Amino acid sequence: MMICPGTLLVPAATAEQAAPVEVKVIRRSPVPYAEVEPRGGGRRRPMLLRDLERDYRLPTPGTLAVSP
């Protein structure tokens with residue numbers, strides 16, 4: 058999966074209770090991780106890229122409601 062800043066990710070089947078997140082920043086050192094923020098705002102948190110790839114997926118078209 059290609060993860061870059063601005064990517065919206067939704068929980069995979071293994072992490073159903075997690076909220077959708079938006080990737081804000083990718084860092085490569087000392088380990089590859091991303092800073093993510095819950096959809097709609099909230100506190101940023103670091104997540105390893107391998108954990109994002111395992112626990113989240115790209116949304117399928119029409120699954121997320123768009124707010125005005």
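Sequential numbering from 58 applies to the sequence shown in our numbering.
Yeah, the Cβ is synthetic: ideal placement off N, Cα and C, and Gly gets one too.
Computed from a predicted structure; not experimentally measured.
>> Comparing C-alpha positions only, which one of Val80, Pro68, Ile60, Cys61 sits nearest to Gly99?
In response: Nearest in C-alpha terms to Gly99, of all of Val80, Pro68, Ile60, Cys61, is Val80.
> In or out: Ala91 buried (at least 16 other Cβ within 10 Å) or exposed?
Replying inline: Buried, because 16 or more other Cβ atoms sit within 10 Å of the Cβ of Ala91.
> Which residues in the same chain have their Cβ closer than 7 Å to the Cβ of Pro95, if we skip the five residues on either side of it in sequence?
Replying inline: The answer, listed in chain order, is Ala76, Val78.
>> For Leu109, which residues in the same chain have their Cβ closer than 7 Å to its Cβ, ignoring the five residues on either side in sequence?
In response: Residues Ile60, Leu66, Ala91 of the same chain have their beta carbon placed closer than 7 Å to that of Leu109, with the five preceding and five following residues left out of the count.
> Which class does Leu105 belong to by DSSP, given the choice of helix, strand or coil?
Replying inline: Strand, per DSSP.
>> Please classify Glu93 as buried or exposed, where buried requires at least 16 other C-beta atoms within 10 Å of its C-beta.
In response: Note on identity: in this sequence residue 93 is Val, with Glu being the wrong assignment. Flag for Val93 reads buried.
> Mapping DSSP to helix, strand and coil, what is Ala91?
Replying inline: Three-state DSSP puts Ala91 in a strand.
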